[in-house]
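Asker: Take a look at the following structure, please.
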Amino acid sequence: MRYIDTHTHLDFAAFDSDRNQVLSDCARLGVERLVVLGVTRANWDGVWQLCQQHDNLFAAFGLHPMFMSEHRAEHITALQQALADRLDDPCCCAVGEYGLDYWHKDADRTAQKHLFEAQLQLAVDCRLPSLLHVRRAHADVIAILKRYRPVRGGIIHAFSGSPEEAREYHKLGFKVGLGGAATWPQATRLRQTIAQLPADQLVLETDSPDMAPAFHAQQRNSPALLPQIAAELATLRAEPLEQFSVRCWQNSCELFQWSPPPPAAC
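In terms of this note's numbering, the sequence shown has 144 at position 144, counting the first letter as 1, and numbering is strictly consecutive.
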């Protein structure tokens with residue numbers, strides 16, 4: 001079976017000691033393509049260099065809401081330039097990771113919204129998908145997306161919302177990213193939601209090195225675990241693994257416009 005990890009941070013230091021081995025394991029296990037996401041201006045170059053070295057890695061660039069203290073006003077201009085410089089390169093596949101995070105009660109929601117809307121406008125202008133981080137902020141994200149209506153849609157990373165919120169995202173052309181969180185038995189509400197989502201809205205992800213699945217608790221997550229995660233999610237949805245995996249593969253290819261034949265090597 002074939003898999004696409006639509007959300008990984010393979011550039012992080014947690015992989016410095018064995019990154020090539022992880023990629024070798026991925027190839028052996030059928031994880032054929034991986035999207036590596038930028039989170040601050042400081043790591044975009046590293047993400048790009050890594051993706052240039054491996055023809056199965058694809059880059060996204062964004063300004064993550066959890067790193068607000070590191071972002072500067074001029075970084076939006078830098079992001080605009082970074083995207084413009086790479087739009088003709090198939091390695092550049094999306095804008096992200098960006099979004100809204102209201103987890104902390106003292107989060108500056110106004111500043112986050114300004115940054116979110118600036119990046120969403122870039123995604124609209126560049127006609128690229130958006131890879132969104134949304135935590136306790138679905139209502140605001142949905143309202144803003146309805147105003148901008150990005151033509152390429154995107155992915156709601158690590159989706160943890162309600163079935164109703166999933167339906168709103170679906171209407172806006174957004175897939176939902178499923179990974180290790182749903183493998184935890186105590187995630188009752190999430191598991192119930194995932195079981196009823198439409199098959200054409202689902203894509204797979206790991207968020208590695210974070211969000212380890214239950215069967216790999218308190219260890220570094222890895223894109224090589226994606227087949228095991230997929231098997232657990234297929235069971236949760238009462239679907240044959242092959243059917244589930246093929247559909248997630250097709251959904252990812254549709255979103256990133258990776259219809260066969262595969263995109264040109266980076």
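By construction, the Cβ of each residue, glycine as well, lies at the ideal position given by its N, Cα and C atoms.
1. Residue 79: buried (16+ other C-beta within 10 angstroms of its C-beta) or exposed?
2. Among residues of its own chain, excluding the 5 on either side of residue 262, which ones have a beta-carbon nearer than 6 Å to its beta-carbon?
3. Does the Cβ of residue 34 lie closer than 8 Å to at least one heavy atom of the ligand ZN?
4. For the candidate residues 1, 76 and 56, whose alpha-carbon lies nearest to that of residue 22?
5. Contact defined as beta carbons within less than 8 Å: I believe residue 158 pairs with residue 207. What is the distance between those atoms, to the nearest angstrom?
6. Quickly, what does DSSP pair residue 8 with across the bridge? List them, please.
7. Would you say residue 180 and residue 214 are within 9 Å of each other, going by their C-beta atoms?
8. Kindly list the residues whose CB is nearer than 6 Å to the CB of residue 160, restricted to its own chain and excluding five residues on each side of it in sequence; keep chain order.
9. How many angstroms separate the CA atom of residue 198 from the CA atom of residue 150?
10. By Cβ distance, which residues of its chain are closer than 6 Å to residue 223, with the 5 residues on each side in sequence left out?
11. According to DSSP, what are the bridge partners of residue 246?
12. Should residue 268 be labelled buried (16 or more other beta-carbon atoms within 10 Å of its own) or exposed?
13. Are the stretch 120-135 and the stretch 86-100 touching, with three or more C-beta to C-beta distances below 8 Å?
14. Within a Cβ cutoff of 6 Å, which residues of the same chain sit near residue 193, ignoring the five residues on either side of it in sequence?
15. Nearest by alpha-carbon distance to residue 147: which of 92, 131 and 124 is it?
16. Under a three-way DSSP split, which group does residue 106 fall into?
17. Return helix, strand or coil for residue 117, following the three-state DSSP convention.
18. Closest to residue 121 by C-alpha separation, out of 241, 144 and 140, would be which residue?
19. To which residues of the same chain is residue 248 closer than 6 Å at the C-beta, ignoring the five residues directly before and after it?
20. Would you mind stating whether residue 96 and residue 46 have Cβ atoms separated by less than 9 Å?
21. Who are the Cβ neighbours of residue 117 in its own chain at under 7 Å, not counting the five residues just before and after it?
22. Within 10 angstroms of its Cβ, does residue 129 collect 16 or more other Cβ (buried), or is it exposed?
Answerer: Inspection of the coordinates gives the following:
1. buried
2. Residue confidence is low: residue 262 scores 49 on pLDDT, short of 50, so the model does not pin down where it sits. Its coordinate-derived value is still stated next. Here the set comprises nothing.
3. Questions concerning the ligand ZN fall outside what the structure shown contains, since it holds no ligand whatsoever.
4. 56
5. 6 Å
6. 36
7. Taking the C-beta atoms as reference points, residue 214 is found nearer than 9 Å to residue 180.
8. 190
9. 21 Å
10. 5, 8, 26, 31, 34, 206 and 208
11. For residue 246, which the question treats as bridged, DSSP gives no partner whatsoever.
12. A question about residue 268 goes unanswered here, because the residues of the chain that appear run from 1 up to 266.
13. yes
14. 163
15. 124
16. coil
17. helix
18. 144
19. 202, 203 and 204
20. no
21. 144
22. buried
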